[in-house]
Amino acid sequence: MTADGALRFAPRLTLLLMAGPVIAGLAGTLRPAFEADGMARLLDWPGLPRAAALSLGTGIASTVLSLAIALGLVAALQGGRLFTLILRLLSPLLAVPHAAAALGLAFLLAPSGWIARALSPWATGWTQPPDLLILNDPAGLALTAGLVLKEVPFLLLILIAALPQADAPRRLMLMASLGYGRVAGWMLAVLPAVWPQMRPAVYAVLAYSMTAVDMAIVLGPALPPTLSAQLVLWMTSPDLSIHPVAAAGALVQLGLVLAALALLRCAETGLARLGCRLALTGRRRVWADRWLGPLAAGGGLLVVLVMAGGMAGLALWSFAGPWVFPDALPERLGLDAWARAAPGLGPAALETLLLAALSAALATGLVLACLEAETRFGLKPGGGALWLLWLPLIMPQVAFLPGLAELGLRSGVEGSTWAVAAAHLVFVLPYVFLSLAAPWRAWDPRFAVAGAALGATPGRIFWRLRLPMLLRAILTAAAVGFAVSVGQYLPTLLIGGGRVTTLTTEAVALSSGGNRRIIGTYAMLQLALPLFAFALALALPAALFRNRAGMRPGA
Amino acid sequence: MKMSAAAILLAACTALPAAAQPDPADWAAVLQEARGQTVYWHAWGGDPRINDFISWVGEEALARHGVSLTQVKLASTADAVARVVSEKQAGQDQGGAVDLIWINGENFAAMKGKGLLFGPFAEQLPNWPLVDVAGKPATRMDFTEPTLGLESPWAMAQLVFEYDSARVPEPPLGAGQLLDWAKANPGRFTYPQPPDYLGTTFLKQVLYGVIDDPELLLQPVDPASYDRLTAPLWAWLDQITPALWRQGRAYPANEPALGQLLADGEIDIAFAFNTGRASAAIAAGELPGTIRTTVWTGGTIGNASFVAIPYNAAHAAGAMVVANLLLDPQVQARAQDPGVLGFQTVLNLSALSGPDRARFDALDLGVATLAPDDLGPALPEPHASWMTRISQDWTRRYGVAQ
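Keeping their order, the protein sequence lines are chains F and G.
Under the working numbering, read the first sequence as residues 47 to 601, first letter to last.
Under the working numbering, read the second sequence as residues 19 to 420, first letter to last.
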């Protein structure tokens with residue numbers, strides 16, 4: 047009974063843990079927006095229209111592009127050998143922190159970057175780097191590319207986790223037997239079943255892409271920067287009189303994100319109508335397979351290649367001695383950078399691991415409790431509850447973290463590992479929930495009915511049926527949470543009072559110095575930790591269920 | 019931890035720092051209180067060489083005085099200022115997270131103006147008499163703002179131009195020459211995007227070169243004459259911008275990013291606020307061996323780096339011990355070693371004892387570093403209001419693409 051009572055309370059506790067800090071922080075941060083005519087001064091800033099347009103444009107473009115690649119890959123190639131290869135290569139890339147991915151891409155694409163070095167001077171004739179504006183371009187193309195690199199693996203993972211519940215193989219078989227092409231069949235029959243499960247993830251991607259800061263600083267334009275990057279500049283300015291402007295900007299940013307989400311919702315409805323009309327024409331569209339397959343494969347491989355190239359570049363830099371343009375490789379290799387970084391790497395890696403394990407475990411536990419309570423007591427999360435859960439993902443971090451840090455200060459908890467882990471939880475939990483809720487809800491309830499009919503208690507059904515059958519999804523969700531925690535910068539810095547040092551806080555501080563060698567060492571470790579978590583999430587179910595054909599992915 | 023009502027009342031009435039703060043005049047008591055403390059030094063963490071130096075200072079502090087030093091690596095000094103501000107807003111008037119800040123210029127002016135600093139303490143430090151206050155007035159005058167002992171200097175900086183002697187045999191020695199050179203070599207020069215510290219310093223350096231009466235820069239900006247005085251600066255920038263790297267459509271973010279462009283061969287002329295940076299970077303294999311440094315005829319802007327202690331620092335005694343240690347001749351000589359940092363000392367070398375003096379004489383300044391005599395006059399930093407105003411105007415003119 048008591049366990050039941052606690053379980054019943056779980057969703058409310060979770061919502062409180064999620065929304066409480068955000069709302070409190072938001073109030074603290076936004077209050078100044080209404081003081082000292084912050085809004086009027088913001089509207090006076092000549093960069094505002096462009097910065098806002100950049101946020102909106104890069105966010106939407108990168109979301110659409112990464113969604114197209116992820117859907118294309120699954121629709122055209124799933125089950126094939128190429129797909130397995132791309133998936134294997136892409137999954138670890140999910141763990142690459144945004145800042146590292148951006149720096150890797152920057153070194154690849156810059157006029158003095160690796161590609162130019164490899165082709166110079168023999169092919170290009172360049173003995174010095176050409177004066178070309180590739181990075182930080184005013185249209186934000188480089189930023190969009192960087193965001194796509196990061197979001198394709200994420201969306202693909204969510205999609206894969208959702209697929210088993212959509213009964214894809216039989217739907218595809220049916221469509222094929224009706225003579226539909228593979229891609230057309232998938233889009234018309236599987237996508238509508240998968241979409242509700244992955245919708246929240248797509249919304250999160252859109253919100254994140256519009257508010258990303260670290261990537262925008264490295265790859266995005268600076269004249270002016272995107273709105274979110276400009277907000278951070280203002281919020282950290284020593285000129286305190288600019289803070290109300292920053293608060294007003296945070297308000298505008300919030301409005302932009304909400305508008306973009308509404309736009310996406312409209313597009314969904316429109317596309318669904320279009321899909322119905324296309325289905326009613328009855329055309330089989332077999333031709334789509336011929337060019338969509340290679341196109342999606344090309345997109346996927348390009349993402350893999352660019353990302354891997356960028357990471358390899360950073361890795362090489364961490365061992366590089368002198369390396370000047372146009373040499374394709376460093377003059378000599380050495381361990382100088384590693385030796386220099388070593389004293390700081392160990393403790394930072396340990397702290398990172400601790401925080402990530404703590405927050406991912408807590409988040410997974412809470413999410414499981416919520417979902418189980420939802421199932422057992424037939425609770426239906428209202429629209430309001432969902433929005434509260436999403437708040438941390440939709441709000442620009444700079445809009446509520448300063449207020450939250452002030453709150454932490456007042457209560458005296460800031461600076462401790464636990465406080466930082468709690469702050470991480472705010473960001474980790476929504477991702478874990480987003481990753482897990484869909485497969486959980488799509489789990490066929492007839493298993494539970496069968497179990498209950500055989501006399502199993504709800505607890506036994508949970509432990510012996512649900513948990514094992516959803517183990518892969520659960521571990522994947524935990525690994526996503528782990529990676530999210532590893533990548534946190536602002537929450538760690540602000541709530542930790544600067545005393546909690548992780549690989550990411552170190553890496554971002556170092557990246558402001560642009561030393562590629564040291565950045566390389568931290569990026570490698572930043573990558574290694576979540577990689578380990580994802581490897582575990584893939585390997586564990588595979589090992590546990592090695593002799594059960596029905597439990598394999600894609601089955 | 020709780021203060022009695024009487025103590026609160028007393029603190030409120032006398033407007034003194036709340037708890038019994040250490041008194042720098044009683045140095046023995048400071049040392050005693052400091053022993054066993056952990057000092058959190060908030061310092062920009064973008065340069066591994068500086069981080070290494072700080073951790074070496076930490077080892078010395080522990081060995082000599084039993085004080086542990088932890089560097090809180092910041093992406094921007096303003097983060098630490100914002101931190102103290104939010105602590106004050108939250109009513110945390112003691113036990114603050116920040117013990118020591120590497121600071122100068124507008125950040126110092128902001129903290130001083132808001133009463134967020136502990137002290138005065140700097141001029142009571144035992145090593146203070148060694149500081150070259152006469153020869154280096156910047157040690158007591160931070161962007162024309164008198165330090166009043168609220169911050170203690172630990173390094174001198176002067177703007178030097180770094181150029182690739184293989185590509186630029188005769189480097190430009192002034193704003194006019196640089197403009198001509200840039201027009202003849204388009205795309206091979208740029209500067210960090212204001213309001214970045216170094217980028218704005220470059221604008222002030224150009225302003226020094228094009229303004230009729232440089233003395234006016236030491237006064238706060240006068241709105242009445244501002245447009246007239248800065249008109250030559252904007253005219254100069256309008257001319258050079260199309261000849262900049264990427265035609266001025268993108269700028270490097272800061273000093274290290276500018277240095278990286280030089281290292282990558284994307285530009286031929288860069289500059290730094292550290293006379294020894296180029297030599298140190300060459301020694302570390304990060305810059306080609308053909309890089310040399312120069313200053314402009316008439317001098318370049320120089321200033322000092324300071325450490326300050328927030329009013330609510332939890333470990334003010336330990337922080338003062340570290341500030342004093344930073345003025346130690348052995349520590350200063352290490353900072354000046356181009357293999358370590360290449361920062362110029364704040365000390366008066368002629369005031370040092372024989373062995374201490376010898377530490378400095380023994381330093382090999384490095385292949386690209388100018389001898390002290392060749393550095394020319396260090397121009398004083400203009401009043402901090404110029405920095406703010408010029409970077410705002412720059413952003414309005416060039417920072418939001420039309």
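C-beta atoms are modelled at their ideal positions from N, C-alpha and C, and glycine is treated no differently.
Cutoff 8 Å: residue i Cβ touching any chain G Cβ
i	result
E452 (chain F)	yes
P19 (chain F)	Since the first residue of chain F shown is 47 and the last is 601, residue 19 (chain F) is not available in this structure.
P368 (chain F)	yes
Q174 (chain F)	yes
R386 (chain F)	yes
A394 (chain F)	no
A253 (chain F)	no
A268 (chain F)	yes
L455 (chain F)	yes
F371 (chain F)	yes
R96 (chain F)	yes
P448 (chain F)	yes
G356 (chain F)	no
G316 (chain F)	no
Those residues which DSSP pairs with residue i across a bridge
i	result
A326 (chain G)	G:I119 and G:E169
H60 (chain G)	G:V90 and G:I119
V149 (chain G)	G:L365
E233 (chain G)	Answer is none; E233 (chain G) lacks a bridge partner.
A525 (chain F)	Beta-bridge pairing links A525 (chain F) to no other residue.
L379 (chain F)	F:A366
F179 (chain G)	G:F289 and G:T312
E397 (chain F)	E397 (chain F) is not bridged to any residue.
P164 (chain G)	G:M159
F207 (chain G)	G:I287
Selected residue, minimal CA-CA separation from residue i, among the options
i	options	result
P78 (chain F)	F:A292, F:L100 and F:I263	F:A292
L375 (chain F)	F:L252, F:L309, F:R510 and F:S166	F:S166
L475 (chain F)	F:V530, F:A496 and F:G84	F:V530
P267 (chain F)	G:V313, G:R264, G:K154 and G:A380	G:R264
L94 (chain F)	F:G461, F:L379, F:Q243 and F:Q276	F:Q276
H401 (chain G)	G:A301, G:E233 and G:G137	G:E233
A140 (chain G)	G:S409, G:T387, G:V339 and G:R407	G:V339
I263 (chain F)	G:L236, G:P270 and G:W254	G:P270
Classification of residue i by the beta-carbon crowding that lies within 10 angstroms, buried from 16 upward
i	result
M64 (chain F)	buried
W464 (chain F)	exposed
G384 (chain G)	buried
F220 (chain G)	buried
E397 (chain F)	buried
A305 (chain F)	exposed
F528 (chain F)	buried
R323 (chain F)	exposed
M219 (chain F)	exposed
M423 (chain F)	A small fix is needed here, since residue 423 (chain F) is Phe in this sequence, not Met. Exposed: under 16 other Cβ atoms inside 10 Å.
Chain F contact for residue i (CB, 8 Å cutoff)
i	result
R407 (chain G)	no
Q107 (chain G)	yes
E188 (chain G)	no
H333 (chain G)	no
W446 (chain G)	The question about residue 446 (chain G) has no answer here: the residues shown for chain G are numbered 19 through 420.
D437 (chain G)	For chain G, the structure presents residues 19 to 420; residue 437 (chain G) sits outside this window and is missing.
Q110 (chain G)	yes
V418 (chain G)	yes
H60 (chain G)	yes
D355 (chain G)	no
Taking only beta carbons into account, state which residues of the segment 543–572 of chain F come closer than 9 Å to chain G, listed in chain order.
So the close ones are G543, G544, R545, T547, T551, E552, V554, A555, L556, S557, S558, G559, G560, N561, R562, R563 and I564.
Going along the segment 71–104 of chain G in order, which residues come within less than 8 Å of chain F, judged by CB to CB distance?
Residues of the segment 71–104 of chain G with a C-beta less than 8 Å from any C-beta of chain F: S73, T88, V90, K91, L92, A93, S94, T95, A96, D97, A98, V99, A100, R101, V103 and S104, listed in chain order.
Using Cβ-Cβ distances below 9 Å, what residues of the segment 150–181 of chain F are close to chain G?
If the cut-off is 9 Å between Cβ atoms, the segment 150–181 of chain F has A156, P157, S158, G159, T173, Q174, P175, P176, D177, L178, L179 and L181 near chain G.
Near-chain F residues of the segment 284–310 of chain G (beta-carbon distance less than 8 Å), N- to C-terminal order
Of all residues in the segment 284–310 of chain G, only E284, A302, G303, E304 and P306 come within less than 8 Å of chain F when Cβ atoms are compared, listed by chain position.
If you measure beta-carbon to beta-carbon, which residues of the segment 77–96 of chain F are closer than 7 Å to chain G?
So the list reads P92, G93 and R96, given in the order they occur along the chain.
Taking Cβ-Cβ distances below 9 Å as the criterion, which residues of the segment 505–530 of chain F are in contact with chain G?
If the cut-off is 9 Å between Cβ atoms, the segment 505–530 of chain F has nothing near chain G.
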